[in-house]
Structures are given as C-alpha cells and as structure tokens.
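Structure first, then comments.
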Amino acid sequence: MSKPILSTLVSVLLGLLAVSCASTPPAAKRNDRILDARAVARSVVLCKTTEAELRQKLGEPSRDGIFHEDHIMSWLISTETLNRYLAVLLDARGVVTDLYWDIPTEIPWVPTDQCRGRSG
301 MSKPILSTLV SVLLGLLAVS CASTPPAAKR NDRILDARAV ARSVVLCKTT
351 EAELRQKLGE PSRDGIFHED HIMSWLISTE TLNRYLAVLL DARGVVTDLY
401 WDIPTEIPWV PTDQCRGRSG
C-alpha cells in the first residue's frame with residue numbers, strides 16, 4: 301500500500317473512532333437515565349398519568365401497539381444487567397389504567413383496566 305493511501309486510511313479510521321467515542325455517553329450518564337426512569341415509573345399514578353406525560357419524560361416508546369383492542373405502550377429502560385421494562389395500558393383518552401414495571405418475566409402481565417368503575 302502506498303504512503304498516501306495508508307495515511308488516508310489511518311486518518312479515516314481515527315476520525316471514525318473519535319466520532320464513536322464522542323457519541324457514547326459515559327456510564328454515569330446512562331446510570332442517571334436509569335435512575336430517572338425508575339423515578340418516572342414510580343411516579344405514574346393510575347387513572348391520572350397520561351401518554352403525553354410519559355412521552356415527555358421517557359421519549360418515544362420502544363413499543364406502541366394493540367393487545368386485543370387495548371392500547372399498550374412500553375419502554376425498554378435498561379439492558380445493563382437485566383432487561384427492565386415499563387409498560388402501560390392506556391384508555392381511549394390516553395390515560396394510564398394499568399402499569400407493569402420491572403417485573404420478572406416469569407410473572408405474566410395481564411393488562412387490566414384498574415380505573416374501571418372508579419369515580420374521578
């Protein structure tokens with residue numbers, strides 16, 4: 301390989317390395333995000349918290365789908381040691397009516413409207 305080509309190749313590789321390092325958040329930042337997500341999950345109030353509030357705090361959901369006729373949204377919060385999920389069941393107004401947070405997969409979640417019949 302000639303020197304100009306080798307020099308260009310090395311420059312490109314160093315540039316790519318610099319870009320990838322600059323875009324990788326430090327571990328402390330990732331941990332802050334996980335702690336923030338835990339706080340958000342614990343702050344969800346059934347029958348009051350809305351889809352818009354969750355999107356504002358957590359960003360776009362990992363999944364935004366339909367289960368039977370129910371609207372379910374979920375966020376993959378962490379994959380560092382265990383997968384941690386926050387999932388919510390939403391009513392037609394976009395209000396959280398059931399919640400799944402960091403439960404072992406051995407315990408199945410059956411989304412159920414916890415707000416049905418409540419006055420409010």
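Positions in the sequence shown are counted from 1; adding 300 to them yields the working numbering. Just so it is clear, CB atoms sit at the ideal spot from N, CA and C, and this is done for glycine as well. Predicted model, so just to flag it, every value in this text is computed and none were measured.
Please classify residue i: is it buried, with 16 or more other beta-carbons within 10 angstroms of its beta-carbon, or exposed?
i	result
E406	exposed
T397	buried
T381	exposed
V310	Interpretation of V310 is limited by its pLDDT of 47, a score under 50 that renders its predicted location unreliable; the figure taken from the coordinates is listed afterwards. With fewer than 16 Cβ atoms within 10 Å of its Cβ, V310 is classed as exposed.
A337	buried
R330	At R330 the pLDDT is 46, less than 50, meaning the model places this residue with poor confidence and gives no usable figure here.
T324	Confidence in T324 is poor, its pLDDT being 42 and thus under 50, which makes the residue's placement too unreliable to answer from.
Measuring CB to CB, does residue i end up less than 8 Å from residue j?
i	j	result
E351	G417	no
R260	S378	Only positions 301 to 420 of the chain appear in the structure, and residue 260 is not among them; the question remains open.
Looking at C-alpha atoms only, which residue of the options is the closest neighbour of residue i?
i	options	result
R342	P411, T412, Q414, L399	L399
CB of residue i to nearest heavy atom of the ligand GDP: below 7 Å?
i	result
L390	This structure simply doesn't include the ligand GDP, nor any ligand for that matter.
For residue i, which residues of its own chain have a beta-carbon under 7 Å away from its beta-carbon, when the five flanking residues on both sides are left out?
i	result
P421	Residue numbering for the chain in the displayed model covers 301 to 420; residue 421 lies beyond these limits and cannot be assessed.
I403	W409
A328	Since pLDDT at A328 reaches only 41, below the 50 mark, its modelled position is unreliable, and the value read off the structure follows with that caveat. Result list for A328: empty, nothing under 7 Å.
G365	I372
K357	V340
Within a Cβ cutoff of 6 Å, which residues of the same chain sit near residue i, ignoring the five residues on either side of it in sequence?
i	result
W401	A341, L386
Q414	L346, T397, D398
R384	I377, S378, D402
K348	none
D391	T397
Looking only at its own chain, which residues have a Cβ that is under 8 Å from the Cβ of residue i, when we skip the five neighbours before and after it?
i	result
R355	P361
**Request:** Return the chain-ordered ranges of every beta strand (DSSP E) run that is complete within the segment 339 to 415 and spans a minimum of 3 residues.
**Result:** Segments of the beta strand (DSSP E) lying fully in the segment 339 to 415: 363 to 367, 370 to 378, 384 to 390, 396 to 401.
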